[in-house]
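Enquirer: Shown below is the structure under consideration.
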Amino acid sequence: MDPQQRLLLQVAYHALEDAGHPDDLGRDTGVYVGAMSSDFAVANAAAALSGTARYPNADLYQLANRISHFLDLTGPSLVVDTACSASGVALQLAFDALRAGRVRAAIVGAVNLILHPARRIQYAQQGMLSRRGRCQPFSAAADGMVTSEGVAALVLRPLRDALADGDHVYGVIRAVGTNTDGRTNGFMVPSPAAQADLIAATWRAAGIDPRSLGYIEAHGT
1 MDPQQRLLLQ VAYHALEDAG HPDDLGRDTG VYVGAMSSDF AVANAAAALS GTARYPNADL
61 YQLANRISHF LDLTGPSLVV DTACSASGVA LQLAFDALRA GRVRAAIVGA VNLILHPARR
121 IQYAQQGMLS RRGRCQPFSA AADGMVTSEG VAALVLRPLR DALADGDHVY GVIRAVGTNT
181 DGRTNGFMVP SPAAQADLIA ATWRAAGIDP RSLGYIEAHG T
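Positions 1 to 221 (the UniProt record's numbering) are the ones given, in order, by the sequence shown.
Given below as structure tokens:
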């Protein structure tokens with residue numbers, strides 16, 4: 001089994017325990033996962049071609065399906081791969097499903113493990129990695145990104161249901177938004193204008209004055 005599946009399953013269950021619902025959210029709970037690669041599949045490719053290895057269980061769809069299978073959940077179960085924004089897009093899909101009443105609860109997760117050098121070598125060849133090993137997205141001195149590992153899971157429910165059941169509520173999501181860059185100077189080059197438009201549109205949808213924000217978390221590329 002891909003270690004990403006094992007870790008994500010563990011943190012998903014921990015999130016359910018922390019929310020106070022380890023086994024009673026309802027079978028129609030949806031599972032929405034953001035992920036962009038499986039180094040475990042790459043590492044096992046040679047053995048698979050030679051027929052000397054068992055099926056590695058490393059396909060990305062299995063990240064969500066493993067959780068649904070283990071917890072006996074019958075709601076939507078899917079993995080989103082939009083590269084670095086995958087977790088945010090997975091969050092929006094879950095948010096929209098909850099607001100539309102298609103699910104009564106959702107598990108949102110994301111995972112990235114570095115288990116093989118191939119992708120990092122390709123990043124370096126394209127000049128994407130910082131030579132100084134420092135991530136400085138808001139600095140003129142930025143010279144590239146730094147790859148990292150992580151795994152996380154959230155449990156989402158309508159606020160009225162969470163409060164009625166005495167759930168451990170960490171926060172309220174007022175709005176989620178997504179867009180894409182369109183045409184830029186290069187296929188992998190982001191669009192500052194598109195990102196600014198998205199931030200402004202999401203602020204408006206949430207009804208929040210940006211001057212009232214006390215904490216902002218941003219992506220590091």
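Glycine included, C-beta positions come from ideal geometry on N, C-alpha and C. What you are looking at is a predicted structure, and each value in this text was computed from that prediction instead of being measured.
Taking its Cβ as the centre, do 16 or more other Cβ atoms sit within 10 Å of Ser-139, making it buried, or is it exposed?
Expert: Per the 10 Å Cβ criterion, exposed.
Enquirer: Could you check how far apart the C-beta atoms of Leu-159 and Val-172 are, in whole angstroms? I think they sit under 8 Å.
Expert: Contact flag correct, Cβ pair sits at about 6 Å.
Enquirer: Under 9 Å, do Val-111 and Val-33 count as touching if we go by C-beta distance?
Expert: Cβ atoms of Val-111 and Val-33: closer than 9 Å.
Enquirer: Can you find the residues in the same chain that come closer than 8 Å, C-beta to C-beta, to Ala-194, ignoring five residues on each side of it along the sequence?
Expert: Within the same chain, Ala-194 has close Cβ partners Asn-179, Thr-180, Asp-181 and Gly-182.
Enquirer: Ignoring anything shorter than 4 residues, give me the alpha helix (DSSP H) runs that lie fully in the region 135-167, in order along the chain.
Expert: Those alpha helix (DSSP H) runs which fall completely within the region 135-167 and span 4+ residues are 159-164.
Enquirer: Since Gly-26 and Arg-104 are thought to touch, with beta carbons under 8 Å apart, how far apart are those beta carbons, to the nearest angstrom?
Expert: That belief holds up - the Cβ atoms of Gly-26 and Arg-104 are roughly 5 Å apart, short of 8 Å.
Enquirer: Helix, strand or coil for Gly-171? Go by DSSP, reduced to three states.
Expert: Three-state DSSP puts Gly-171 in coil, outside helix and strand.
Enquirer: Since Leu-9 contacts Ile-67 with CB under 8 Å, what's their CB separation in whole angstroms?
Expert: Right, their Cβ atoms sit about 6 Å apart.
Enquirer: Are the CB atoms of Ala-15 and Ala-41 nearer to each other than 9 Å?
Expert: Cβ atoms of Ala-15 and Ala-41: not closer than 9 Å.
Enquirer: Could you pull the DSSP bridge partners for Gly-109 from this structure?
Expert: According to DSSP, which records beta bridges pairwise, Gly-109 is partnered with Val-33 and Ala-153.
Enquirer: Below 6 Å CB to CB, which residues in the same chain sit around Ala-205 once its five sequence neighbours on both sides are set aside?
Expert: Cβ neighbours of Ala-205 beyond the five flanking positions: Ala-175.
Enquirer: Kindly indicate which three-state DSSP category Val-176 falls into: helix, strand or coil?
Expert: Note: Val-176 maps to coil in three-state DSSP.
Enquirer: With the cut-off set at 9 Å, would you say Val-79 and Ala-153 are in Cβ contact?
Expert: Taking 9 Å as the Cβ cut-off, Val-79 and Ala-153 do not qualify as a contacting pair.
Enquirer: Need the endpoints of the alpha helix (DSSP H) that Ser-68 sits in, please.
Expert: Run containing Ser-68: 61-71, per the alpha helix (DSSP H) assignment.
Enquirer: Between which two residues does the alpha helix (DSSP H) harbouring Val-80 extend?
Expert: Where Val-80 is concerned, there is no enclosing alpha helix (DSSP H), although the beta strand (DSSP E) it sits in stretches over 77-80.
Enquirer: Once you ignore the five residues that flank Ser-77 on each side, which residues in its own chain have a CB closer than 6 Å to its CB?
Expert: Result list for Ser-77: Val-31, Ala-64, Asn-65 and Ser-68, in chain order.
Enquirer: Of all the options Tyr-55, Ala-48 and Ser-85, which has the alpha carbon lying nearest to the alpha carbon of Met-36?
Expert: That would be Ser-85, whose Cα lies nearest to the Cα of Met-36.
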